[in-house]
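Asks:
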Amino acid sequence: MDQSCFLCPRECGTDRQLRSGFCGAQSLPTVAKVMLHQWEEPCICYGGGSGAVFFSGCQMRCVFCQNHAISQRTCGDPMDTYALADLFLKLEEQGACNLNLVSPTPHLETLIPALEEAKKRGFSLPVVFNSGGYEKVSVLCRLEGLVDVYLPDFKFFDPVLSHTYGGAADYRERATEAIGEMLRQTGSPRLEGEKLLQGTIVRHLILPGHTDDSIHILDHLCGMLSPKDIILSLLRQYTPMHRAKEFPKLRRKLTTLEYHRVAKVADALGFSRIYTQEKESATEDYVPDFQKNN
Ligand code: SF4
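Quick note on the numbering used here: the sequence shown kicks off at 152 and runs consecutively.
1) Name the DSSP beta bridge partners of H258, please?
2) I'd like the ranges of any beta strand (DSSP E) spanning at least 3 consecutive residues and lying wholly in the region 404–434.
3) In whole angstroms, what separates the C-alpha of L169 from that of H258?
4) Tell me the residue span of the alpha helix (DSSP H) that contains G374.
5) Between F274 and L240, how many whole angstroms is the CB-CB distance? I'm expecting something under 8 Å.
6) Tell me which same chain residues have a C-beta within less than 6 Å of the C-beta of I382, skipping the five on either side of it?
7) Select from K400, V182, S313, P277 the residue whose C-alpha is nearest the C-alpha of L347.
8) Please find out if some non-hydrogen atom of the ligand SF4 comes closer than 8 Å to the beta-carbon of L342.
9) Quick check on N445: does DSSP put it in helix, strand or coil?
10) Should G164 be listed as close to the ligand SF4, given that the test is whether its C-beta is under 8 Å from any heavy atom?
11) Residue ranges of each beta strand (DSSP E) run of no fewer than 3 residues wholly in the region 181–224, ordered along the chain?
12) Excluding five sequence neighbours on each side, which residues of the same chain lie with their C-beta closer than 7 Å to the C-beta of D380?
13) Identify, in the order they occur along the chain, each residue of the same chain with its Cβ nearer than 7 Å to the Cβ of V95, setting aside the five sequence neighbours on each side.
14) Smallest Cα separation from G227: which of A183, L405, Y285?
15) State buried or exposed for V98, treating a residue as buried only when at least 16 other CB atoms are found within 10 Å of its CB.
16) What is the DSSP secondary structure of D228, counted as helix, strand or coil?
17) Using DSSP's beta-bridge definition, name the partner residues of L250.
18) Please work out which residues of its chain come closer than 7 Å, Cβ to Cβ, to L405, disregarding the five sequence neighbours upstream and downstream, and give them in chain order.
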């Protein structure tokens, strides 16, 4: 049966029965790592930790990707619907506070039935859809009612940057539409104490030498939604990794001055819930070890 894939804005149309798509995904999902993650935003990381399932492959091509060991090649064992449902139930048994699907889009044809199967068997954790933000609205619509928390990045504003650093000149348009749809599904954040039950958290990794682009993103977000409708997570953890050294501005970490410049603008624009990071987060120590299974 033809399995031409059009799940992400690349629309590469690859028949994944025959070969891997642009994203590296084959016909079945490959899980590169499963862990109880302790370093996500506090509202989605409590109790036993966030039950993170890292899928290999990605529709973006970020030159600084901290997960490049799994995002730009296929690794891990292929898993079918039932194996994934078993895995989700096991994470719940282990005390995960949610199921955190990392880079799930290329695998949705298996993931959606796996979530439905797990729910049939009693799975009850909130589901977090953790993605780079380069998504198609028509595909996100298929997740309505299955996802509780969307956790997209908004990486770039300038198309030259998104093309050069992420391999996607249309990133801004696609991320804008995607976040609009995510917000339509979740509504504004619904919290129980400090625990996020439903909502959208937009992450932005500030890049060294590119604070103007970060500020354009914040302005843009405010133009498209009420800053009270999302939780903003301003990431300071940029560390030159992967191919970053090929790009002069990306060869260093972010300065304190740069981070504060962007954080101040976010504050002034009225984002009511903002997560910030300490300077110490800019280290490879916070990157999961993809060589180890747990
Ligand atoms: S998800 Fe992968 S295979 Fe499918 S269209 Fe996107 S890049 Fe191509």
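A virtual CB, placed ideally from N, CA and C, is assigned to each residue, including glycine. Here the structure is a predicted model, which means the values were calculated and not measured.
Replies: Quick answer:
1) For the purposes of this step, residue 258 is taken as the residue at position 107 of the sequence shown. Per DSSP, none; premise fails for H258.
2) 424–426
3) If you number the sequence shown from 1, residue 169 lands on position 18. If you number the sequence shown from 1, residue 258 lands on position 107. When rounded, the distance between both Cα atoms is 16 Å.
4) Reading the sequence shown from its first residue, position 223 is the one you call residue 374. Where G374 is concerned, the enclosing alpha helix (DSSP H) stretches over 362–375.
5) In the sequence shown, the residue the question calls residue 274 occupies position 123. In the sequence shown, the residue the question calls residue 240 occupies position 89. With a Cβ gap of about 5 Å, F274 and L240 count as contacting.
6) Here residue 382 corresponds to residue number 231 of the sequence shown, with the count starting at 1. The answer, listed in chain order, is P340, I352, R424.
7) Residue numbering aside, residue 347 sits at position 196 when the sequence shown is read from its first letter. Selected option, being the one with the closest Cα: P277.
8) Numbered from 1 along the sequence shown, position 191 holds the residue referred to as residue 342. No - the ligand SF4 has no heavy atom lying nearer than 8 Å to the Cβ of L342.
9) As a position in the sequence shown, residue 445 is number 294, starting the count at 1. Note on N445: pLDDT 41, under 50, position unreliable in the model; the coordinate value appears next. N445 falls in the coil class under three-state DSSP.
10) Reading the sequence shown from its first residue, position 13 is the one you call residue 164. Yes, the beta carbon of G164 sits closer than 8 Å to at least one heavy atom of the ligand SF4.
11) 181–188, 201–206
12) Reading the sequence shown from its first residue, position 229 is the one you call residue 380. Taken in chain order, the residues that qualify are L334, S339.
13) Nothing can be reported for residue 95: it is not among the residues displayed for the chain, which extend from 152 to 445.
14) The residue labelled residue 227 in the question sits at position 76 within the sequence shown. Considering only alpha carbons, the answer is A183.
15) Missing from the structure shown is residue 98; the chain here goes from 152 to 445 and no further.
16) Here residue 228 corresponds to residue number 77 of the sequence shown, with the count starting at 1. DSSP places D228 in strand when its eight states are reduced to three.
17) Numbered from its first residue, the sequence shown carries residue 250 at position 99. For L250, which the question treats as bridged, DSSP gives the partners G202, V278.
18) As a first step, residue 405 is located in the sequence shown; it is residue number 254 there, counting from the start. I357, P359, R387, Y389, A433, listed in sequence order.
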